[in-house]
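Visitor:
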Amino acid sequence: EDQVTQSPEALRLQEGESSSLNCSYTVSGLRGLFWYRQDPGKGPEFLFTLYSAGEEKEKERLKATLTKKESFLHITAPKPEDSATYLCAVQASNFGNEKLTFGTGTRLTIIP
Amino acid sequence: EAGVVQSPRYKIIEKKQPVAFWCNPISGHNTLYWYLQNLGQGPELLIRYENEEAVDDSQLPKDRFSAERLKGVDSTLKIQPAELGDSAVYLCASSSKPLAGVYNEQFFGPGTRLTVL
Numbered sequence: 070e071d072q073v074t075q076s077p078e079a080l081r082l083q084e085g086e087s088s089s090l091n092c093s094y095t096v097s098g099l100r101g102l103f104w105y106r107q108d109p110g111k112g113p114e115f116l117f118t119l120y121s122a123g124e125e126k127e128k129e130r131l132k133a134t135l136t137k138k139e140s141f142l143h144i145t146a147p148k149p150e151d152s153a154t155y156l157c158a159v160q161a162s163n164f165g166n167e168k169l170t171f172g173t174g175t176r177l178t179i180i181p
Numbered sequence: 091e092a093g094v095v096q097s098p099r100y101k102i103i104e105k106k107q108p109v110a111f112w113c114n115p116i117s118g119h120n121t122l123y124w125y126l127q128n129l130g131q132g133p134e135l136l137i138r139y140e141n142e143e144a145v146d147d148s149q150l151p152k153d154r155f156s157a158e159r160l161k162g163v164d165s166t167l168k169i170q171p172a173e174l175g176d177s178a179v180y181l182c183a184s185s186s187k188p189l190a191g192v193y194n195e196q197f198f199g200p201g202t203r204l205t206v207l
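First to last, the protein sequences are chains A and B.
Going by this note's numbering, the first residue of the first sequence is number 70, and it counts up by one from there.
Going by this note's numbering, the first residue of the second sequence is number 91, and it counts up by one from there.
#1: Taking only the alpha-carbon atoms, compute the straight-line gap between GLN96 (chain B) and SER184 (chain B) and give it to the nearest angstrom.
#2: Return no unless some Cβ of chain A is closer than 8 Å to the Cβ of ASP146 (chain B).
#3: Less than 7 Å separating the Cβ of GLY132 (chain B) from some heavy atom of the ligand COA?
#4: Hey, would you say GLY132 (chain B) sits closer than 8 Å to LEU80 (chain A), going by beta carbons?
#5: Can a CB atom of chain A be found closer than 8 Å to the CB of PRO200 (chain B)?
#6: What separation, rounded to the nearest whole angstrom, lies between the Cα atoms of PRO98 (chain B) and ILE169 (chain B)?
#7: Using the three-state DSSP reduction, which class does ASP242 (chain A) fall into: helix, strand or coil?
#8: Please tell me whether LYS138 (chain A) has its Cβ less than 8 Å away from any Cβ of chain B.
#9: Could one say the Cβ of ARG138 (chain B) lies closer than 8 Å to chain A's Cβ atoms, at least one of them?
#10: Closer than 7 Å between beta carbons: that is the criterion. Which residues of the stretch 100-118 of chain A meet it against chain B?
#11: Out of B:PRO115, B:GLN107, B:LEU160, B:PRO171, point me to the one whose CA is closest to GLU142 (chain B)'s CA.
#12: Please classify THR175 (chain A): is it buried, with 16 or more other beta-carbons within 10 angstroms of its beta-carbon, or exposed?
#13: Please compile the residues from chain A whose C-beta is within a distance smaller than 8 Å of the C-beta of PRO98 (chain B).
#14: Looking at the unbroken beta strand (DSSP E) that takes in GLU114 (chain A), where does it start and where does it end?
#15: Would you say PHE197 (chain B) reaches chain A, if we count a Cβ-Cβ gap shorter than 8 Å as a contact?
#16: Using CA atoms only, rank isn't needed, just tell me which of A:ILE179, A:PRO181, A:THR173 is closest to VAL73 (chain A).
#17: CB LEU119 (chain A) to CB LEU102 (chain A), shorter than 8 Å?
#18: Give a yes or no on whether 8 Å exceeds the smallest Cβ distance from PHE135 (chain A) to chain B.
#19: Just how far apart, CA to CA, sit LYS128 (chain A) and PHE171 (chain A)?
#20: For TYR94 (chain A) and LYS138 (chain A), I'd like the C-alpha separation in whole angstroms.
#21: Are three or more beta carbon pairs between the stretch 107-122 of chain B and the stretch 162-176 of chain B nearer than 8 Å?
#22: Taking any Cβ of chain A, which residues in the stretch 112-135 of chain B have a Cβ under 7 Å from it, in chain order?
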């Protein structure tokens with residue numbers, strides 16, 4: 070069965086303390102892996118799309134990487150405003166066309 | 091550019107009552123999605139439209155849920171009758187037409203938080 074698993078479920082960091090969030094997936098024919106940020110009471114906000122193993126993308130303090138089995142979202146010197154839930158989603162050929170299958174997210178808290 | 095608009099933002103109803111949610115996608119986006127998100131979970135697809143055609147409704151509980159996108163722009167999701175277990179956030183998303191097999195990112199609205207008492 071195709072699965073998307075995110076870890077850890079929750080992560081508390083001091084401001085400036087770098088870390089990584091993990092998204093492991095078991096799908097057939099990955100078309101794309103997406104990272105979203107979700108603030109309380111809001112819809113997910115698009116961050117990155119990764120299409121092939123070895124690909125990396127950066128945005129401010131965030132950097133996403135992709136291997137054949139997992140993706141990492143690295144956060145460097147985080148600030149309190151980076152606190153949010155980070156969702157990973159995959160789009161795979163066996164799921165159908167544009168359907169995204171989401172993980173349960175990592176709730177990130179940055180302490181000032 | 092205006093984002094995906096949803097209304098209402100919050101809705102509280104008694105069980106067995108009907109409820110409807112409205113979504114207006116980003117201008118020019120021909121693909122529209124309705125997702126359900128339970129607390130602490132990722133969004134789960136309910137239905138996907140390409141223009142006015144529902145191309146994936148396999149996860150929509152058709153005994154009580156219905157959706158429409160009559161003119162290929164805005165969409166309505168309805169529940170009748172609502173059950174206690176329907177309490178969740180209902181998210182609408184839209185995306186533009188994929189080019190050369192590369193699928194575009196989905197942009198989400200703020201969601202409607204439904205509470206069924």
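Here a beta-carbon is modelled for each residue, glycine too, at the ideal position from N, C-alpha and C.
All figures in this text were calculated on a predicted structure; none of them were measured in a lab.
Guide: Let me lay it out:
#1: Walking along the second sequence from the start, residue 96 (chain B) turns up at place 6. Walking along the second sequence from the start, residue 184 (chain B) turns up at place 94. Roughly 12 Å between the two C-alpha positions.
#2: Working through the second sequence from its first residue, we reach residue 146 (chain B) at position 56. Yes, contact with chain A.
#3: Inclusion of the ligand COA in the displayed structure is not the case, the ligand content being empty and no account of it being possible.
#4: As a position in the second sequence, residue 132 (chain B) is number 42, starting the count at 1. As a position in the first sequence, residue 80 (chain A) is number 11, starting the count at 1. No, the Cβ-Cβ distance between GLY132 (chain B) and LEU80 (chain A) is not below 8 Å.
#5: Along the second sequence, one-based indexing puts residue 200 (chain B) at 110. Closer than 8 Å: yes.
#6: In the second sequence, residue 98 (chain B) corresponds to position 8, counting from 1. In the second sequence, residue 169 (chain B) corresponds to position 79, counting from 1. Between PRO98 (chain B) and ILE169 (chain B), the C-alpha separation is close to 14 Å.
#7: This structure cannot speak to residue 242 (chain A), because chain A is shown only from 70 to 181.
#8: Residue 138 (chain A) sits at position 69 when you count from the first residue of the first sequence. It does not: the Cβ of LYS138 (chain A) has no partner Cβ on chain B nearer than 8 Å.
#9: Looking up residue 138 (chain B) in the second sequence gives position 48. It does; some Cβ of chain A falls within 8 Å.
#10: ARG100, GLY101, PHE103, LYS111, GLY112, PRO113, PHE115, THR118
#11: In the second sequence, the residue the question calls residue 142 (chain B) occupies position 52. For the residues B:PRO115, B:GLN107, B:LEU160, B:PRO171, the minimum Cα distance to GLU142 (chain B) belongs to B:LEU160.
#12: By 1-based counting over the first sequence, the position of residue 175 (chain A) is 106. Looking at its Cβ environment, which holds 16 or more other Cβ atoms inside 10 Å, THR175 (chain A) is buried.
#13: The residue you call residue 98 (chain B) lines up with position 8 of the second sequence. Within 8 Å Cβ-Cβ: nothing; PRO98 (chain B) doesn't reach chain A, min ~14 Å.
#14: The sequence position of residue 114 (chain A) within the first sequence is 45, counting from 1. Residues 114-119.
#15: Here residue 197 (chain B) is taken as the residue at index 107 of the second sequence, counted from 1. At least one chain A Cβ lies under 8 Å of PHE197 (chain B).
#16: Stepping through the first sequence from its first residue, residue 73 (chain A) is reached at position 4. Among A:ILE179, A:PRO181, A:THR173, the Cα nearest to that of VAL73 (chain A) belongs to A:THR173.
#17: Your numbering for residue 119 (chain A) matches position 50 in the first sequence. Your numbering for residue 102 (chain A) matches position 33 in the first sequence. Yes, the Cβ-Cβ distance between LEU119 (chain A) and LEU102 (chain A) is below 8 Å.
#18: Position 66 of the first sequence, counted from the start, is the residue given in the question as residue 135 (chain A). Looking at the sequence shown, residue 135 (chain A) is not Phe but Leu. No, LEU135 (chain A) lies away from the interface with chain B (no Cβ there is under 8 Å from its Cβ).
#19: The sequence position of residue 128 (chain A) within the first sequence is 59, counting from 1. The sequence position of residue 171 (chain A) within the first sequence is 102, counting from 1. For LYS128 (chain A) and PHE171 (chain A), the distance between alpha carbons rounds to 21 Å.
#20: Against the first sequence, residue 94 (chain A) aligns to sequence position 25. Against the first sequence, residue 138 (chain A) aligns to sequence position 69. So the two alpha carbons sit approximately 6 Å from each other.
#21: yes
#22: THR121, GLY130, GLN131, GLY132, PRO133, LEU135
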